Amino acid sequence: MSPFLQLPEPISISPSICAKVNHAHLSLPIFPSPRRNYVPKTRALSSSEEFPPNALRRKQDPQWRGGFSLGVDLGMSRTGLALSKGFSVRPLTVLELRGQKLELRILEIAGNKEADEFIVGLPISRDGQETPQSNKVRSVAGRLAIRAAERGWRVYLQDEHGTTSDATGLMIDMGLSKLARQRKGDAYAAKIVLERYFSTSGMETELVLPNPKHVDLLEKLRKGPPKDIDFVLE
18 MSPFLQLPEP ISISPSICAK VNHAHLSLPI FPSPRRNYVP KTRALSSSEE
68 FPPNALRRKQ DPQWRGGFSL GVDLGMSRTG LALSKGFSVR PLTVLELRGQ
118 KLELRILEIA GNKEADEFIV GLPISRDGQE TPQSNKVRSV AGRLAIRAAE
168 RGWRVYLQDE HGTTSDATGL MIDMGLSKLA RQRKGDAYAA KIVLERYFST
218 SGMETELVLP NPKHVDLLEK LRKGPPKDID FVLE
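Per our numbering, the sequence shown runs over residues 18 to 251.
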């Protein structure tokens with residue numbers, strides 16, 4: 018818990034739950050779920066179309082100018098980060114932090130790298146079910162989403178099934194030593210998460226939102242981050 022603010026309970030947009038919402042009260046067109054039996058344990062109270070991911074914006078308008086994307090591979094003791102500039106994705110770093118220190122460091126790196134959205138890998142089993150680790154990732158993503166919303170930044174969850182093995186295979190193909198693979202594996206897994214996100218134009222992501230009672234945070238998300246007139250896409 019941050020000493021600077023009381024964090025409201027986060028929510029995330031769930032396609033399966035949105036389908037059950039009474040349309041007489043609220044219309045919720047959203048992105049489809051990557052798996053039919055994947056049912057997030059959250060409430061859906063807003064539309065993903067209000068907060069389209071950068072990958073979708075770029076697909077719809079190649080000239081769109083906006084922030085970069087930060088891929089996040091959360092682990093028990095190590096968290097890998099990757100960065101995309103346009104459609105170019107590269108591993109960035111591995112953090113050995115937890116709790117508030119981790120969340121604040123991720124936000125700091127995002128600010129330094131001009132990222133305005135976080136693509137967080139969500140563990141999913143082979144049969145499409147969430148795992149015990151999924152709840153832990155959701156908890157961190159929820160807290161991160163609240164802090165990010167203060168800056169107009171968004172947090173999305175992306176299925177990360179198989180990214181660790183894919184990252185290992187990639188590093189072996191690149192000729193990285195076993196020691197290098199151990200040190201950089203989490204960052205390369207985050208790279209795979211981002212590549213998967215871009216391959217589907219963000220259509221299989223799940224948006225994480227602050228509690229709708231905190232309308233100030235939702236309004237900051239709608240406005241987005243301050244525009245940078247010097248932004249140059251590399």
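All residues carry an ideal CB built from backbone N, CA and C; glycine is no exception. Everything numeric in this text was worked out from a predicted model, so none of it was measured.
- In the three-state DSSP reduction, Thr96 falls in the strand class (E or B).
- Its chain contains Pro227, Leu234, Lys237, Leu238 as the residues whose beta carbon lies nearer than 6 Å to that of Ala166, once the 5 sequence neighbours on both sides are disregarded; these appear in chain order.
- In this structure, Ile189 lies near Arg198, with their beta-carbon atoms less than 9 Å apart.
- In chain order, Val157, Arg160, Leu161, Arg164 place their CB closer than 8 Å to the CB of Glu120, counting only its own chain and leaving out the 5 sequence neighbours on each side.
- Within the model, the alpha-carbon separation for Glu221 versus Gly169 is close to 22 Å.
- Ala127 and Asp144 have their C-alpha atoms some 33 Å from each other.
- When the alpha-carbon of Ser105 is set against those of Ser182, Val232, Phe215, the nearest one is in Phe215.
- Residue burial is scored here from C-beta neighbours: Asn71 has at least 16 other C-beta atoms within 10 angstroms and is therefore classed as buried.
- Beta-bridge pairing by DSSP links Glu134 to Ser86, Arg171.
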